[in-house]
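Below is one structure, written out as structure tokens; comments come after it.
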Amino acid sequence: MSEDVLEFGPPASAASRFRAPRFALPPLVPPLLAALSVACFFGSLMYPWQTTRLIAGAEYASINNTDIVTYATNTGVGYAYLVGMMGLGAITATAILGRRRQRRPLMLAGAGLSTMLLVLLVSLIALGGRQIVATYIIGAPASATSQLEVGLYLALAAPVAATLAMVLSLAARRRRMLLDEPIYDDDVDAVADLTVTPVR
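In terms of this note's numbering, the sequence shown has 1576 at position 179, counting the first letter as 1, and numbering is strictly consecutive.
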């Protein structure tokens, strides 16, 4: 006596059940970006940020055409940047090494802090040395010319690299999760293939 077994569709295969992500991010990229952020941060502390030349006139001839070099540690903006980068470094390390549930809120917090630091640095650039004039020359018409130095460029690069490290770390974790979850392709068979296989 024989029985009939109905098989619907083609035989299932492991290759058709799982779909790998198109782009695989190397796992070392987020830690390398975090290390680059730390290097840029320390470089911003070592190199000058701005060189401001005061143009005061005859009344303040003693300080006319004087070049004042600004570092991260001799300005209020620099101290605010120093504290902010320490907090951003802690957030970045926790976001990369922490648990999956912690990564998204930490990434959002780090991106917000990074944006605030960039706004702070851009405001310093926009001042163009006027804060130096207000500090050294009081009650007299004066002007200044400001030139950006290497330290300020490194200061701008540090929060950007930290944010990229957090974003790519979260993206890499999501891609690894896709490899662990089956994704069935519904478009393979538009019409069901019915095959009757006799079994004796």
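Using N, Cα and C, we set each Cβ at its ideal position, and we do this for glycine too.
Opening and closing residue of the alpha helix (DSSP H) in which residue i lies
i            : result
residue 1489 : 1473-1494
residue 1502 : 1497-1524
DSSP beta-bridge partners of residue i
i            : result
residue 1451 : 1463 and 1541
For residue j and residue i, believed in contact at Cβ under 8 Å, the rounded distance
i            : j            : result
residue 1552 : residue 1490 : With 8 Å as the limit, residue 1552 and residue 1490 do not qualify as a contact, their Cβ atoms being about 19 Å apart.
residue 1468 : residue 1548 : 7 Å
Local conformation of residue i per DSSP, three classes
i            : result
residue 1430 : helix
residue 1425 : coil
residue 1468 : coil
residue 1444 : coil
Own chain, CB closer than 7 Å to residue i, minus 5 neighbours either side, in chain order
i            : result
residue 1444 : 1546, 1547, 1548 and 1551
residue 1474 : 1517 and 1521
residue 1507 : 1485, 1488, 1489, 1492, 1559, 1560 and 1563
residue 1555 : 1434, 1437, 1438, 1441 and 1482
Residue-chain proximity (residue i, chain D), Cβ-Cβ < 7 Å
i            : result
residue 1553 : Given the protein chain composition of this structure (a single chain), no chain D is represented.
Spatial neighbours of residue i in its chain, beta-carbon cut-off 6 Å, leaving aside the 5 residues before and after
i            : result
residue 1463 : 1451
residue 1505 : none
residue 1426 : 1565
residue 1465 : 1449 and 1529
Same chain only: Cβ atoms within 8 Å of residue i, ignoring 5 sequence neighbours per side
i            : result
residue 1541 : 1449, 1450, 1451, 1452, 1525, 1526, 1527, 1529 and 1530
residue 1495 : 1503
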